[in-house]
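Novice: Dropping the structure in here first, questions after.
Residue numbers (my numbering): 2 to 233.
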């Protein structure tokens, strides 16, 4: 039986032109889609969508996550944005502030007081201020790790939901590793994929492309999936 394909990326045709690379469609009609671009390729495709997705995820990742959840899973944007901001952004800045305190109070410096009758303030590794800053940093590290782990598991769960809903190739372990090792890359890849394929209110509409209109193969189609049949 001849293989059946759906359109995704560029491959050469017999006419010498380039078409869209097919993904194999199984006999039961299911299609194994792919994420748009590799994990670490933030500008995959180097088009307007890629640039916009990369900029949004790097500047306001919580907003990008909230929009993704609304587009793919129809979840409230405000609630998902706030949750992501708390799990990843706020807790990170709290620990960063504690680390800055350690840098300031544990540095071996002398601070002159504004009044002449007061002795200068000595700061350094053996001062009470330094010990207090170190204790605060240590205390804040434990909840930071716990909240970060919860955030990673939650983001992995949502990524797996999106992947299974739209038939994107991958695994639960892969989803967790990608969010654990490079959460910014995983979020950018999800955003890029949803935007490129015009996902709206939980519906995968597919990319807006006219690459196959000038070929006879464009006439082959099936409900819900644009298909190309070779060797029939």
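Even glycine gets a Cβ: it sits at the ideal position worked out from N, Cα and C.
1. State the start and end residues of the unbroken alpha helix (DSSP H) segment that holds residue 48.
2. Identify, in the order they occur along the chain, each residue of the same chain with its Cβ nearer than 7 angstroms to the Cβ of residue 57, setting aside the five sequence neighbours on each side.
3. Starting from residue 170, follow the alpha helix (DSSP H) in both directions and report where the run begins and ends.
4. Report the rounded CA-to-CA distance for residue 89 versus residue 199, giving the unit in angstroms.
5. Does residue 192 come out as helix, strand or coil in the three-state DSSP assignment?
6. Can you tell me whether DSSP reads residue 154 as helix, strand or coil?
7. Span of the alpha helix (DSSP H) holding residue 43?
8. Which two residues bound the contiguous alpha helix (DSSP H) that contains residue 80?
9. Contact between the stretch 152-172 and the stretch 131-140 is defined here as three or more beta-carbon pairs at a separation below 8 angstroms; is this criterion met?
10. How would you label residue 188, buried or exposed, when you count the other beta carbons within 10 angstroms and need 16 or more for buried?
11. Express the C-alpha separation of residue 38 and residue 45 in angstroms, rounding to a whole number.
12. With a threshold of 16 other CB atoms inside 10 Å of the CB of residue 206, please say whether the residue is buried or exposed.
13. Taking the C-alpha atoms as reference points, what is the distance between residue 208 and residue 41?
14. How about residue 156 and residue 62: do their beta carbons lie closer than 8 angstroms?
15. State the start and end residues of the unbroken alpha helix (DSSP H) segment that holds residue 107.
16. Can you tell me whether residue 152 is buried or exposed, with buried defined as 16 or more other CB within 10 angstroms of its CB?
17. Alpha carbon to alpha carbon, how far is residue 197 from residue 129?
18. What's the gap between the Cα of residue 147 and the Cα of residue 86?
19. Whole angstroms is fine: what's the gap from residue 25's alpha carbon to residue 55's?
Specialist: Reading from the atomic positions:
1. Segment: none, residue 48 is in no alpha helix (DSSP H) and carries neither H nor E.
2. Residues 64, 65, 192 of the same chain have their beta carbon placed closer than 7 angstroms to that of residue 57, with the five preceding and five following residues left out of the count.
3. No alpha helix (DSSP H) contains residue 170, which DSSP labels as neither H nor E.
4. 27 angstroms
5. helix
6. It is helical.
7. Run containing residue 43: none; DSSP gives neither H nor E here.
8. Here the alpha helix (DSSP H) through residue 80 covers 78-85.
9. no
10. buried
11. Answer to the nearest angstrom: the Cα atoms are 5 angstroms apart.
12. exposed
13. 21 angstroms
14. The criterion of a C-beta distance shorter than 8 angstroms is not satisfied by residue 156 and residue 62.
15. Looking at the DSSP string, residue 107 is not in any alpha helix (DSSP H), and its letter there is neither H nor E.
16. buried
17. Rounded to whole angstroms, the separation of the alpha carbons of residue 129 and residue 197 is 55 angstroms.
18. 15 angstroms
19. The pLDDT assigned to residue 25 is 40, lower than 50, so where the model puts this residue is not dependable; a value taken from the coordinates is nonetheless given after this. If you take the alpha carbons of residue 25 and residue 55, they lie about 29 angstroms apart.
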